[in-house]
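Residue numbers (UniProt numbering): 1 to 269.
Backbone N, C-alpha and C define an ideal beta-carbon position, used for all residues, glycine too.
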Amino acid sequence: MEDQATNVVVATRTALDQASTLAVHYGFTILGAIILLIGGWILASIVSRSAYRVISRIRGIDETLASFFQNVLHYSLLILVFITVLGQFGVQTASIIAAFGAAGLAIGLALQKTLQNIAAGIMLLILRPFQVGEYIETTNAEGFIKEIGLFATEMRTADGLYLMAPNSTLWNTPILNHSREPDRRQELSITIGSSADLELARKTIFDVIKADQRVKSDPAPVVYPDDLSADQAVLKIEYWTATSSWTATRRDVISKLLTQLAEANIPMK
Numbered sequence: 001m002e003d004q005a006t007n008v009v010v011a012t013r014t015a016l017d018q019a020s021t022l023a024v025h026y027g028f029t030i031l032g033a034i035i036l037l038i039g040g041w042i043l044a045s046i047v048s049r050s051a052y053r054v055i056s057r058i059r060g061i062d063e064t065l066a067s068f069f070q071n072v073l074h075y076s077l078l079i080l081v082f083i084t085v086l087g088q089f090g091v092q093t094a095s096i097i098a099a100f101g102a103a104g105l106a107i108g109l110a111l112q113k114t115l116q117n118i119a120a121g122i123m124l125l126i127l128r129p130f131q132v133g134e135y136i137e138t139t140n141a142e143g144f145i146k147e148i149g150l151f152a153t154e155m156r157t158a159d160g161l162y163l164m165a166p167n168s169t170l171w172n173t174p175i176l177n178h179s180r181e182p183d184r185r186q187e188l189s190i191t192i193g194s195s196a197d198l199e200l201a202r203k204t205i206f207d208v209i210k211a212d213q214r215v216k217s218d219p220a221p222v223v224y225p226d227d228l229s230a231d232q233a234v235l236k237i238e239y240w241t242a243t244s245s246w247t248a249t250r251r252d253v254i255s256k257l258l259t260q261l262a263e264a265n266i267p268m269k
């Protein structure tokens with residue numbers, strides 16, 4: 001009985017010693033992991049915020065794009081910290097990295113169209129073929145830009161309708177920006193009867209164009225015969241004006257031309 005009691009005591013002491021050793025060992029490991037997690041979280045936040053400030057100062061970088069890069073960097077650093085913590089406990093991190101890679105590939109294949117829109121949105125925000133407030137025209141969409149997002153671009157059509165266009169449809173097609181250049185050319189055509197005085201008609205039209213102060217003197221406006229037949233003549237008008245006043249100038253010029261040609265008894269067809 002004494003031998004059995006002695007063996008129990010020895011076994012108990014051995015177990016307690018081993019448990020004490022393991023507690024000390026894993027206690028420091030757990031403490032180190034906690035410190036690493038907290039420090040990694042703080043470091044990730046500091047680095048991502050610093051990166052945001054640096055990126056946002058770059059000319060041509062949109063705030064949406066800067067925030068996107070900040071979030072990508074922040075969560076990438078957190079994943080790295082998490083994998084490092086698991087390595088502290090003896091976990092084979094190579095298999096975890098391989099699993100993340102496989103999961104990323106699967107997600108990428110599943111969200112291929114979405115990722116195309118994100119990639120197109122990043123390129124649109126970097127290269128800026130259009131900005132908020134500008135009027136653009138593509139084979140897929142046309143209207144004023146309201147907001148450029150990572151997934152889609154919000155627009156307002158000329159008749160006031162809301163339009164959302166996926167970024168990939170805008171990036172993969174030629175974009176005609178009606179608002180980007182400061183000046184824009186206007187072309188008008190007027191058809192008059194063959195009995196009308198062609199030179200008088202040309203002078204009357206030219207005087208109307210020159211009288212409008214919004215019409216640029218350089219390049220100078222021109223009025224010239226563009227087509228001629230037995231019963232009519234076509235006069236072509238070309239002038240330049242500021243893009244911001246292009247539509248208003250067109251309306252006023254056409255109205256004045258109708259009035260002045262009628263007063264000069266020049267028949268139109």
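Problem set entry | Residues near A51 by beta carbon distance below 7 Å, same chain, minus five either side | F69, Q70, L73
Exercise. By Cβ distance below 7 Å, which residues in the same chain neighbour V208 in space, the five residues on each side in sequence not counted?
Worked result: V253, K256, L257, Q260
For this session: Could you spell out the range, first to last residue, of the beta strand (DSSP E) harbouring E147?
Result: 142-148
Exercise. What separation, rounded to the nearest whole angstrom, lies between the Cα atoms of L77 and G40?
Worked result: 8 Å
Problem set entry | Inter-residue spacing [alpha-carbon to alpha-carbon] between N265 and G160 | 40 Å
Exercise. Once you ignore the five residues that flank T191 on each side, which residues in its own chain have a CB closer than 6 Å to its CB?
Worked result: Q232, V234, K269
Exercise. Excluding the five sequence neighbours on either side, which residues of its own chain have a C-beta within less than 8 Å of the C-beta of A23, listed in chain order?
Worked result: With a pLDDT of only 48 at A23, under 50, the local geometry of the prediction cannot be trusted, and the value read off the model is given with reservation. Closer than 8 Å at the Cβ level, and outside the excluded window around A23, lies no residue.
Problem set entry | Collapsed DSSP secondary structure at R128 in the structure displayed | coil
For this session: State the Cα-Cα distance for the pair residue 299 and D212, rounded to the nearest angstrom.
Result: Not covered by the structure: residue 299. The range shown for the chain is 1 to 269.
Problem set entry | CB contact flag (N172, N117, <8 Å) | no
Exercise. Rounded to whole angstroms, how far is the Cβ of T243 from the Cβ of E181, which I believe are closer than 8 Å?
Worked result: 6 Å
For this session: Starting from the C-beta of V10, find all residues in its chain whose C-beta is less than 7 Å away, skip the five residues before and the five after it, and write them out in chain order.
Result: Confidence in V10 is poor, its pLDDT being 49 and thus under 50, which makes the residue's placement unreliable; the coordinate value appears in the next sentence. Once the five neighbours on either side are set aside, V10 has no close Cβ partner at all.
Exercise. How would you call M164, buried or exposed, if buried means at least 16 neighbouring beta carbons within 10 angstroms?
Worked result: exposed
For this session: Between the Cα of S189 and those of E238, D197, T153, spot the shortest distance and give me the residue it belongs to.
Result: E238
Problem set entry | Continuous beta strand (DSSP E) stretch holding K236: start and end | 232-242
For this session: Tell me, please, which residues DSSP counts as bridged to D183.
Result: A242
For this session: Determine the burial state of R49: buried for a count of at least 16 other Cβ atoms within 10 Å of its Cβ, exposed for fewer.
Result: exposed
For this session: With a threshold of 16 other CB atoms inside 10 Å of the CB of F151, please say whether the residue is buried or exposed.
Result: exposed
Problem set entry | Beta-carbon gap between L170 and A120 smaller than 8 Å | yes
Exercise. Which one of I148, A158, P174, F206 has the shortest CA to CA distance from T139?
Worked result: P174
For this session: Grab me the residues of Y135's own chain with a C-beta within less than 6 Å of its C-beta, minus the 5 sequence neighbours each way, in chain order.
Result: F144, H178, S179
Exercise. In the region 169-228, which residue ranges form an unbroken alpha helix (DSSP H) of at least 4 residues, counting only runs that do not cross its ends?
Worked result: 198-211
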